[in-house]
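Here the structure is laid out as structure tokens; the discussion comes afterwards.
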Amino acid sequence: MSKPVYKINVLHVADLGSIDASFLVNKYNPGEKMPVPTYSYLITGDNIPPMLVDTGVKESQLDIMHRLGMTATQTPEQTYEAQLAKWGYKKEDIKVILHTHLHIDHAGNDDMFPNAKIIMPRRELMFSVADIMDAQYPPEYITYLVQQIHVPGKVRLIDNDAEIAPGIILEITDGHTWGSMNIKVNTRKGLAIICGDVIYDEILQCRKNPMYPEIEAHNKYEIEAFGDRSTGNYWNLWAAKAAVQKVVREADVILPIHDPLVVKKYGYEI
Ligand SMILES: [Zn+2]
Ligand SMILES: [Zn+2]
Numbered sequence: 024m025s026k027p028v029y030k031i032n033v034l035h036v037a038d039l040g041s042i043d044a045s046f047l048v049n050k051y052n053p054g055e056k057m058p059v060p061t062y063s064y065l066i067t068g069d070n071i072p073p074m075l076v077d078t079g080v081k082e083s084q085l086d087i088m089h090r091l092g093m094t095a096t097q098t099p100e101q102t103y104e105a106q107l108a109k110w111g112y113k114k115e116d117i118k119v120i121l122h123t124h125l126h127i128d129h130a131g132n133d134d135m136f137p138n139a140k141i142i143m144p145r146r147e148l149m150f151s152v153a154d155i156m157d158a159q160y161p162p163e164y165i166t167y168l169v170q171q172i173h174v175p176g177k178v179r180l181i182d183n184d185a186e187i188a189p190g191i192i193l194e195i196t197d198g199h200t201w202g203s204m205n206i207k208v209n210t211r212k213g214l215a216i217i218c219g220d221v222i223y224d225e226i227l228q229c230r231k232n233p234m235y236p237e238i239e240a241h242n243k244y245e246i247e248a249f250g251d252r253s254t255g256n257y258w259n260l261w262a263a264k265a266a267v268q269k270v271v272r273e274a275d276v277i278l279p280i281h282d283p284l285v286v287k288k289y290g291y292e293i
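Mind the numbering: the sequence shown is residues 24 to 293 in the numbering used here, read in order.
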């Protein structure tokens, strides 16, 4: 039986600024500042409740990004309320929040979604309090999440990969953070992988490495060259590179959280 096909909408919920290029792509142009968008993804389909991937920078406290020497802006059209309304949904309609990880620009607004169960890898929550990536895990977010564990049915912590619906697979990866999670979704364009911050910039990290020259000369199948450059922000370089390789190898559609290439390639609906 073929797997159901789901729709993914891109929600553009904030823009980040003053980020060093070498933070985004390992050792790339230190000193150059790059702006990037912040996306959330809305997954919908016939047999699932609306699911939201990540919840951005805290809307009531955008200057929280100053803790990393960065800026965040959000226009009135970029609020979660406005972005969901664009696709016919309200905050109350969201029944599931999936976290790629819990960094400062990914888990700020969980408290806006009263009817959502929160699903994430247990080890990401553990890692968030381990003082390895310091200010990237704001105590405001993490304290809230720890409290939610004690609300019956509110949080589901996973310890293994999980297929939460036919064709939607949560996969724990230790690229970027120890508990980062890929969300693999069957779409009409093939397998989409929402890969959090494992990849910040698909072109610079994954497409710039030439193929082995000996093979390139015989590449009559036009296999696309790919690389495995890490982001500049990782906890374990080896794991970060392995995670990039895996996404590039498996995905038909790569959906990072901060890569404007997503909208250029696919628009706001996949
Ligand atoms: Zn991150
Ligand atoms: Zn991020």
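For every residue, glycine included, the Cβ atom is placed at its ideal position computed from N, Cα and C. Please read these numbers as outputs of a predicted model, since none were measured by experiment.
- Per DSSP, reduced to three states, the secondary structure at Glu186 is strand.
- Here the C-alpha atom of Asp275 lies approximately 5 Å from the C-alpha atom of Leu214.
- Under DSSP, the beta-bridge partners assigned to Pro144 are Ile181.
- In the three-state scheme derived from DSSP, where H, G and I count as helix and E and B as strand, Ala265 is classed as helix.
- In this structure, the beta-carbon distance from Ser41 to Gly92 falls below 8 Å.
- With 16 or more neighbouring CB atoms inside 10 Å of its own CB, Met74 falls in the buried class.
- If you look at Tyr103, you'll find it in the alpha helix (DSSP H) that goes Tyr103 to Ala108.
- For Met135, the three-state secondary structure derived from DSSP is helix.
- Beta-bridge annotation (DSSP): Ile191 is paired with Ala188 and Val208.
- With a cutoff of 7 Å, His126 counts as near ligand 1, since its C-beta is closer than that to a heavy atom of the ligand.
- Rounded to the nearest angstrom, the gap between the Cα atoms of Lys113 and Val33 is 15 Å.
- Just so you know, the alpha carbons of Arg179 and Ala139 end up roughly 11 Å apart.
- Residue environment: Asp282 is assigned as buried (16 or more neighbouring CB atoms within 10 Å of its CB, all protein chains considered).
- CA-to-CA, the gap between Gly176 and Lys118 works out to about 12 Å.
- One thing to note: Val48 has its Cβ no nearer than 8 Å to the Cβ of Tyr64.
- According to DSSP, Lys30 shares a beta bridge with Thr67.
- If you check the C-beta of His129 against ligand 1, you find a heavy atom less than 7 Å away.
- In the DSSP assignment, Leu91 falls outside any beta strand (DSSP E) and carries neither an H nor an E.
- Membership of Ile127 in any beta strand (DSSP E) is not indicated, and neither H nor E is assigned to it by DSSP.
- For Val119, the enclosing beta strand (DSSP E) starts and ends at Val119 to Leu121.
- In the three-state DSSP reduction, Val48 falls in the coil class, being neither helix nor strand.
- Proximity to Asp197 across Glu292, Ala266, Thr98 and Met57 peaks at Ala266, based on C-alpha coordinates.
- Judged by their CB atoms, Ile217 and Thr123 are nearer to each other than the 8 Å cut-off.
- Rounded to whole angstroms, the gap between the alpha carbons of Pro144 and Asn183 is 8 Å.
- Annotated as distal: Glu239 and Met204, with beta-carbon spacing of 8 Å or more.
- Placement of the Cβ of Ile217 at a distance of 7 Å or more from every heavy atom of ligand 2 is found.
- Our two residues, Arg252 and Thr61, have alpha carbons roughly 21 Å apart in a direct line.
- For Ile226, no beta strand (DSSP E) encloses it; the enclosing alpha helix (DSSP H) starts and ends at Glu225 to Cys229.
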